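Notes follow the structure.
Numbering (the numbering used here), first residue to last: 3 to 79.
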């Protein structure tokens with residue numbers, strides 16, 4: 003069911019990694035004197051989301067909130 007859309011998306015987006023590998027990470031802009039570059043920005047966003055989730059879980063655990071069990075139950079498939 004999802005095979006055809008995934009093949010279409012792979013066909014549309016496959017030139018991007020090929021271009022990145024052939025040219026290098028300079029296409030993200032890390033050489034620009036003002037920018038950090040998209041690789042660093044995306045990495046920081048992912049780390050920030052991870053830290054936020056850990057902080058919320060720790061606060062719920064330390065305060066012995068029953069809502070933490072509901073969130074864990076909702077997170078499981």
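We treat Cβ as the ideally placed atom computed from N, Cα and C, and that holds for glycine.
None of these values were measured; they are calculated from a predicted model.
Secondary structure at residue 54: helix, using DSSP grouped into helix, strand and coil. Judged by DSSP in its simplified three-state form, residue 44 adopts helix. Residue range 17-25 is occupied by the alpha helix (DSSP H) that includes residue 24.
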